[in-house]
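Data block below; observations after.
There are 2 protein chains.
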Amino acid sequence: MKKRQVSRRVVIIGAVAVGPKVACRVKRLDPNAHVLMIDQDEFISYGGCGIPFFVSGDVSDVKELMSTSFHMLRDPKFFRNVKGVEVRTRTRATEILRETKEVVVEDLNTGKVEKIPYDYLVLATGATPRRLPIPGSDHPDVFTVSNLHDAVAIREKLSRGEVGTAVVIGGGPIGCEMAEALADMWGVEVSVVEILPTLLPAFLEPPLARIVQKHMEEKGVSVYTGETVEEIREENGTFRVKTGRRTLSADIVIQAVGVNPRGELAVKAGLMTTPKGAIAVNERLQTSDPFIYAGGDCIEVPHLVTGRYVHIPMGSLANRQGRVIGTNIAGGYATFEGVVGSFCLKVFDLGLATTGITYEQALKEGFDPVRAYVVQSDRAHFYPTQGLMYMALIADRKTRRILGAQGIGKNGDAVVGRINSIAALLQLGGTLNHLSNLEIAYAPPFASAMDIVNAAANTAENIIEGLNDTIDPDEFIEVFLGEDSGDRVRVLDVRSPVNARPFVERFGERWINIPQEELLDRLAEVPEVENLMVFCNSGLRSYEALRQISHHLGRKARNVQGGAALIKMAGLLPENGDD
Amino acid sequence: MKKRQVSRRVVIIGAVAVGPKVACRVKRLDPNAHVLMIDQDEFISYGGCGIPFFVSGDVSDVKELMSTSFHMLRDPKFFRNVKGVEVRTRTRATEILRETKEVVVEDLNTGKVEKIPYDYLVLATGATPRRLPIPGSDHPDVFTVSNLHDAVAIREKLSRGEVGTAVVIGGGPIGCEMAEALADMWGVEVSVVEILPTLLPAFLEPPLARIVQKHMEEKGVSVYTGETVEEIREENGTFRVKTGRRTLSADIVIQAVGVNPRGELAVKAGLMTTPKGAIAVNERLQTSDPFIYAGGDCIEVPHLVTGRYVHIPMGSLANRQGRVIGTNIAGGYATFEGVVGSFCLKVFDLGLATTGITYEQALKEGFDPVRAYVVQSDRAHFYPTQGLMYMALIADRKTRRILGAQGIGKNGDAVVGRINSIAALLQLGGTLNHLSNLEIAYAPPFASAMDIVNAAANTAENIIEGLNDTIDPDEFIEVFLGEDSGDRVRVLDVRSPVNARPFVERFGERWINIPQEELLDRLAEVPEVENLMVFCNSGLRSYEALRQISHHLGRKARNVQGGAALIKMAGLLPENGDD
Numbered sequence: 001m002k003k004r005q006v007s008r009r010v011v012i013i014g015a016v017a018v019g020p021k022v023a024c025r026v027k028r029l030d031p032n033a034h035v036l037m038i039d040q041d042e043f044i045s046y047g048g049c050g051i052p053f054f055v056s057g058d059v060s061d062v063k064e065l066m067s068t069s070f071h072m073l074r075d076p077k078f079f080r081n082v083k084g085v086e087v088r089t090r091t092r093a094t095e096i097l098r099e100t101k102e103v104v105v106e107d108l109n110t111g112k113v114e115k116i117p118y119d120y121l122v123l124a125t126g127a128t129p130r131r132l133p134i135p136g137s138d139h140p141d142v143f144t145v146s147n148l149h150d151a152v153a154i155r156e157k158l159s160r161g162e163v164g165t166a167v168v169i170g171g172g173p174i175g176c177e178m179a180e181a182l183a184d185m186w187g188v189e190v191s192v193v194e195i196l197p198t199l200l201p202a203f204l205e206p207p208l209a210r211i212v213q214k215h216m217e218e219k220g221v222s223v224y225t226g227e228t229v230e231e232i233r234e235e236n237g238t239f240r241v242k243t244g245r246r247t248l249s250a251d252i253v254i255q256a257v258g259v260n261p262r263g264e265l266a267v268k269a270g271l272m273t274t275p276k277g278a279i280a281v282n283e284r285l286q287t288s289d290p291f292i293y294a295g296g297d298c299i300e301v302p303h304l305v306t307g308r309y310v311h312i313p314m315g316s317l318a319n320r321q322g323r324v325i326g327t328n329i330a331g332g333y334a335t336f337e338g339v340v341g342s343f344c345l346k347v348f349d350l351g352l353a354t355t356g357i358t359y360e361q362a363l364k365e366g367f368d369p370v371r372a373y374v375v376q377s378d379r380a381h382f383y384p385t386q387g388l389m390y391m392a393l394i395a396d397r398k399t400r401r402i403l404g405a406q407g408i409g410k411n412g413d414a415v416v417g418r419i420n421s422i423a424a425l426l427q428l429g430g431t432l433n434h435l436s437n438l439e440i441a442y443a444p445p446f447a448s449a450m451d452i453v454n455a456a457a458n459t460a461e462n463i464i465e466g467l468n469d470t471i472d473p474d475e476f477i478e479v480f481l482g483e484d485s486g487d488r489v490r491v492l493d494v495r496s497p498v499n500a501r502p503f504v505e506r507f508g509e510r511w512i513n514i515p516q517e518e519l520l521d522r523l524a525e526v527p528e529v530e531n532l533m534v535f536c537n538s539g540l541r542s543y544e545a546l547r548q549i550s551h552h553l554g555r556k557a558r559n560v561q562g563g564a565a566l567i568k569m570a571g572l573l574p575e576n577g578d579d
Numbered sequence: 001m002k003k004r005q006v007s008r009r010v011v012i013i014g015a016v017a018v019g020p021k022v023a024c025r026v027k028r029l030d031p032n033a034h035v036l037m038i039d040q041d042e043f044i045s046y047g048g049c050g051i052p053f054f055v056s057g058d059v060s061d062v063k064e065l066m067s068t069s070f071h072m073l074r075d076p077k078f079f080r081n082v083k084g085v086e087v088r089t090r091t092r093a094t095e096i097l098r099e100t101k102e103v104v105v106e107d108l109n110t111g112k113v114e115k116i117p118y119d120y121l122v123l124a125t126g127a128t129p130r131r132l133p134i135p136g137s138d139h140p141d142v143f144t145v146s147n148l149h150d151a152v153a154i155r156e157k158l159s160r161g162e163v164g165t166a167v168v169i170g171g172g173p174i175g176c177e178m179a180e181a182l183a184d185m186w187g188v189e190v191s192v193v194e195i196l197p198t199l200l201p202a203f204l205e206p207p208l209a210r211i212v213q214k215h216m217e218e219k220g221v222s223v224y225t226g227e228t229v230e231e232i233r234e235e236n237g238t239f240r241v242k243t244g245r246r247t248l249s250a251d252i253v254i255q256a257v258g259v260n261p262r263g264e265l266a267v268k269a270g271l272m273t274t275p276k277g278a279i280a281v282n283e284r285l286q287t288s289d290p291f292i293y294a295g296g297d298c299i300e301v302p303h304l305v306t307g308r309y310v311h312i313p314m315g316s317l318a319n320r321q322g323r324v325i326g327t328n329i330a331g332g333y334a335t336f337e338g339v340v341g342s343f344c345l346k347v348f349d350l351g352l353a354t355t356g357i358t359y360e361q362a363l364k365e366g367f368d369p370v371r372a373y374v375v376q377s378d379r380a381h382f383y384p385t386q387g388l389m390y391m392a393l394i395a396d397r398k399t400r401r402i403l404g405a406q407g408i409g410k411n412g413d414a415v416v417g418r419i420n421s422i423a424a425l426l427q428l429g430g431t432l433n434h435l436s437n438l439e440i441a442y443a444p445p446f447a448s449a450m451d452i453v454n455a456a457a458n459t460a461e462n463i464i465e466g467l468n469d470t471i472d473p474d475e476f477i478e479v480f481l482g483e484d485s486g487d488r489v490r491v492l493d494v495r496s497p498v499n500a501r502p503f504v505e506r507f508g509e510r511w512i513n514i515p516q517e518e519l520l521d522r523l524a525e526v527p528e529v530e531n532l533m534v535f536c537n538s539g540l541r542s543y544e545a546l547r548q549i550s551h552h553l554g555r556k557a558r559n560v561q562g563g564a565a566l567i568k569m570a571g572l573l574p575e576n577g578d579d
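Chains as they are written, first to last, in UniProt numbering: chain V, 1 to 579; chain W, 1 to 579.
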């Protein structure tokens with residue numbers, strides 16, 4: 001047996017996601033490295049993204065979040081025996097001495113302070129959950145969802161039957177997941193308060209966000225968007241959460257309003273940080289000190305669509321970054337080029353996924369974006385288990401580059417798979433032409449011959465080429481129901497009479513029905529108004545009608561994107577949405 | 001209303017997939033075009049890929065295959081009224097007069113022959129199902145699965161209760177789908193005969209093909225691979241199908257042995273065709289006559305991985321090609337760059353998908369390929385509904401370019417989604433580094449933090465870098481069970497004793513168990529033999545063990561790819577596969 005000689009000393013601060021990945025990768029490439037991982041907590045190497053599923057009870061034991069796929073607990077003993085990695089828990093790094101290449105650490109059990117030398121140091125210090133700057137937000141029983149202690153505390157409260165009502169502050173991913181965890185499995189009456197006008201505002205176009213909201217409401221969750229929480233007051237164990245418009249009473253309050261990168265240690269050591277307080281790194285994930293690397297929730301990385309540095313705290317990115325850092329430390333060469341911002345979420349019976357940027361973000365970044373909404377089956381439309389999928393695609397008019405995509409539907413796997421394929425194109429700067437010809441594997445149980453992603457690209461292209469003059473579903477409702485719309489606005493509904501009837505009955509002469517198969521013979525009946533909007537179930541037949549009206553009558557009209565299906569799913573026309 | 005003046009006359013021969021798409025696209029871009037579509041059949045514009053699902057009964061009425069998503073029958077009346085396209089069924093094109101730009105057509109009902117002038121002609125003549133060059137293969141009741149007439153005839157036979165046994169000749173996609181259709185829904189005793197050693201040989205690596213075979217056998221289908229059908233004999237309504245090894249008796253015989261492109265009309269017109277008889281086209285899908293386009297099953301297109309022209313008859317490609325032809329005819333500019341060969345299939349409870357080329361094809365094409373097998377959960381391993389997914393990835397050692405990928409698992413949507421994302425990378429020439437960092441959207445219900453596609457790329461990279469010396473599962477079985485393996489071969493099983501025990505009991509001293517968490521302390525027990533193969537459940541822990549053995553003992557060993565999970569799923573070690 002060869003003598004084990006230490007080739008390099010690696011100290012890793014933080015042992016949740018990026019830390020363990022670095023440690024294992026270094027040891028696999030160079031088993032003679034001495035790797036020490038420290039963490040101020042006692043819980044290490046856990047799947048933080050699993051917390052809502054532990055709270056719900058889907059994951060029965062918190063240990064499952066800390067175990068390997070073969071059910072072995074990833075505790076310090078595991079790291080020592082299986083990986084050859086030393087771990088010290090309940091140990092806090094208080095200072096980095098860059099000149100002498102040492103870390104000052106404090107044992108939180110004994111109070112003992114010591115200096116540990118390193119050849120390479122890794123900062124995997126993560127992020128701190130934000131708390132709102134309002135009275136009561138720092139109450140110890142106002143939870144954030146940031147670590148396993150919170151998770152265990154929340155679940156214990158639930159198990160004791162102490163929670164009948166809950167307020168979740170923040171309608172982002174964690175807020176939505178926690179709302180489901182509390183409402184679905186524990187029957188808690190949950191209210192979600194979101195400051196912006198729609199849920200998941202960083203991820204979804206407004207009509208798609210409305211689908212999520214409507215679905216959550218159908219599941220019994222109260223959703224208050226566009227409301228600011230001003231105060232949290234506790235009295236005898238009950239909280240009163242005051243927003244600009246109402247006061248909500250709750251047995252438990254959960255703040256899910258984002259996280260801030262934890263860069264204090266880096267700042268103190270004189271390392272470069274970003275305006276948001278994240279640790280600045282290059283593409284090899286080195287900080288401004290080449291012997292110190294950083295990864296995970298404490299860094300910012302370039303967004304491949306905008307070129308801008310962004311803070312995206314995701315366990316999946318942490319894992320990829322950990323591998324890059326491990327390779328570099330072990331003497332290899334690896335880079336992390338950036339992110340496209342892929343994201344997915346299960347909300348009760350819906351699955352949604354997004355990648356890239358939204359239309360609003362695209363506008364802010366100076367693109368000239370186009371936005372296509374497409375509604376189509378997730379399988380061949382004749383296949384018995386098919387269901388509708390709702391998709392938005394954002395592209396740049398000038399370069400035709402894809403900027404972002406969002407999908408939502410009952411079959412979450414099918415949605416996520418479609419968005420992943422677009423994410424792959426985004427990563428390589430793909431265009432609408434690439435997406436139009438993207439070779440989605442086809443068989444009737446899994447896709448359409450012309451799949452929804454291809455249809456979305458074709459629609460965006462048709463809009464850019466001026467063939468498909470569109471109006472978005474939310475704007476359509478605003479214009480049509482607008483007070484001064486009167487005689488200047490007409491809807492031409494080209495669906496079959498049985499589908500159009502309720503609308504015709506409700507809106508009278510402002511809603512005209514000519515089934516598409518009769519349109520070429522009845523062109524004379526097409527109303528001549530300032531604002532004609534053509535309507536069908538999805539936007540497909542209305543596009544065909546639009547082309548015919550444009551050519552044969554030489555008139556302008558607009559196609560209502562997503563049609564009746566999207567309007568109904570998003571609850572945009574509630575009283576008479578059924579067709 | 002503007003007077004309708006004909007801008008261009010377009011004649012389309014063939015009205016199943018590519019034809020209707022061309023017709024509709026032309027009319028949308030240029031409603032003043034006169035578009036005539038002819039077909040020798042009475043059935044038009046149907047989803048031919050849906051035939052097995054109609055035969056099974058999943059699709060109850062054949063009309064569903066000919067209808068739009070809003071349940072409107074796509075018959076000649078539909079094309080006339082909705083699309084402004086003229087259709088003549090039961091009309092055969094017999095000759096193209098290129099000098100005068102006319103097509104000679106024969107009305108199959110009246111026998112009337114006439115010449116139709118065109119400005120642009122589209123050949124969408126499809127493909128002819130192959131029949132084996134053996135006695136009896138042309139018997140009228142030996143079916144191919146090529147059109148709705150066959151489909152209706154087969155289903156009628158089933159409905160009348162005339163089919164108790166069936167032989168399906170050909171273990172390709174259609175053969176597998178038909179076997180399921182007959183066995184699953186109708187309870188028919190089905191035998192599948194495939195000439196090559198594994199099912200789906202053009203798509204799957206051998207161990208993955210074995211997964212399909214084992215699953216079909218578990219569902220009651222008899223599968224005979226490596227057998228050639230020599231004769232089909234009918235006696236009193238019962239067929240005897242004679243292979244090199246046995247004679248199978250059947251009430252119905254289905255030949256699914258591929259199709260040949262139908263290029264006769266093009267040949268007769270002096271257009272360029274390929275050695276396989278397909279119509280040659282350029283990237284705008286023009287034939288050697290610029291006024292004649294061709295698309296769908298009658299053409300060959302470039303494979304983007306190999307650069308070679310290939311014949312891939314798929315409805316999805318036909319649709320994309322139809323749009324390109326339509327754009328070009330209407331005066332636009334569009335190209336079809338080629339295919340990556342994406343493919344998916346449902347076989348009973350399994351879903352599988354592939355893209356690119358197999359390892360064997362890569363060898364033939366002169367690549368220096370590496371093949372990685374990965375077994376991993378389709379969701380976070382702690383998420384309750386997770387299941388295993390089995391994947392093969394093929395890449396080129398020199399350029400690290402991805403050449404192909406295959407996936408299989410119980411959650412078909414999840415499998416297909418992963419392969420689609422790799423297909424997107426293939427389309428743009430992506431490398432292992434791209435796949436390693438591919439940003440699969442992550443949330444525990446839908447993916448792993450380090451997803452299987454990333455793990456596959458990492459594994460392939462580790463193999464190329466010499467970190468992971470592997471042996472494929474089928475070769476492992478061959479070597480280990482080989483007659484002369486004796487003392488020179490040992491397996492080091494690093495799973496827990498409870499999992500390893502059945503193997504140790506069966507194979508004695510040739511199968512050594514040292515759990516991975518004890519390996520660093522028990523390195524002295526690692527056997528010193530010519531051929532040491534390290535084994536775990538998936539290939540992950542054994543990789544870790546391999547690294548430790550290599551570094552600390554300086555010894556070579558090989559990692560069994562896919563481990564116990566893949567071997568069990570593929571039934572490679574049948575008597576004692578449970579662990």
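No residue lacks a Cβ here, since even glycine has one placed at the ideal position from N, Cα and C. For clarity, every value in this text was computed on a predicted model and none was experimentally measured.
Determine, for Asp58 (chain V), whether the minimum Cβ-Cβ distance to residues of chain W falls below 7 Å.
yes
Can a CB atom of chain W be found closer than 7 Å to the CB of His34 (chain V)?
no
Looking at the strands, I want to know which residues DSSP matches up with Cys344 (chain W).
W:Ala353
May I ask you to list, following chain order, the residues of the segment 323-356 of chain W that have a beta carbon less than 8 Å from some beta carbon of chain V?
Arg323, Phe336, Glu337, Val339, Val340, Gly341, Ser342, Phe343, Cys344, Leu345, Lys346, Gly351, Ala353, Thr354, Thr355
DSSP state of Gly404 (chain W), grouped into three classes?
strand
Terminal residues of the continuous alpha helix (DSSP H) containing Tyr359 (chain V)?
359-364
What residues in the segment 17-47 of chain W have a beta carbon less than 9 Å from any beta carbon of chain V?
Ala17, Lys21, Cys24, Lys27, Arg28, Leu29, Asp30, Pro31, Asn32, Gly47
Compute the Euclidean distance between the alpha carbons of Arg400 (chain V) and Gly407 (chain V), then round it to the nearest angstrom.
20 Å
Test item: CB-CB of Ala294 (chain V) and Thr287 (chain V) under 7 Å
Yes.
Test: Cys49 (chain W) CB closer than 7 Å to a CB of chain V
Chain V, which has a Cβ nearer than 7 Å to the Cβ of Cys49 (chain W), makes this yes.
Could you check if Gly270 (chain W) is buried or exposed, using at least 16 other CB atoms within 10 Å of its CB as the buried criterion?
exposed
Can you check the segment 474-511 of chain V for any alpha helix (DSSP H) of at least 4 residues that lies completely inside it and give the ranges in chain order?
Taken in chain order, the complete alpha helix (DSSP H) segments of 4 or more residues contained in the segment 474-511 of chain V are 497-507.
Please classify Ala179 (chain W): is it buried, with 16 or more other beta-carbons within 10 angstroms of its beta-carbon, or exposed?
buried
Give the DSSP bridge partners of Leu121 (chain W), in chain order.
The partner list for Leu121 (chain W) (beta bridge, DSSP) reads W:Val11, W:Ile292.
Measure the alpha-carbon distance for Arg510 (chain V) versus Pro129 (chain W) and round it to whole angstroms.
54 Å
Does the segment 560-576 of chain V come close enough to the segment 535-542 of chain V that 3 or more CB-CB pairs lie under 8 Å?
Of all C-beta pairs linking the segment 535-542 of chain V to the segment 560-576 of chain V, three or more are shorter than 8 Å, placing the two stretches in contact.
Hey, does Ser316 (chain V) have any beta-carbon neighbour from chain W nearer than 7 Å?
yes
Compare the beta carbon distance of Ala443 (chain V) and Cys344 (chain W) with 7 Å and say whether it is the shorter of the two.
In contact: Ala443 (chain V) and Cys344 (chain W) (Cβ atoms closer than 7 Å).
Enumerate, from N- to C-terminal direction, the unbroken beta strand (DSSP E) stretches of 3 or more residues contained entirely within the segment 386-464 of chain W.
Listed in chain order, the complete beta strand (DSSP E) runs (minimum 3 residues) inside the segment 386-464 of chain W are 388-396, 402-409.
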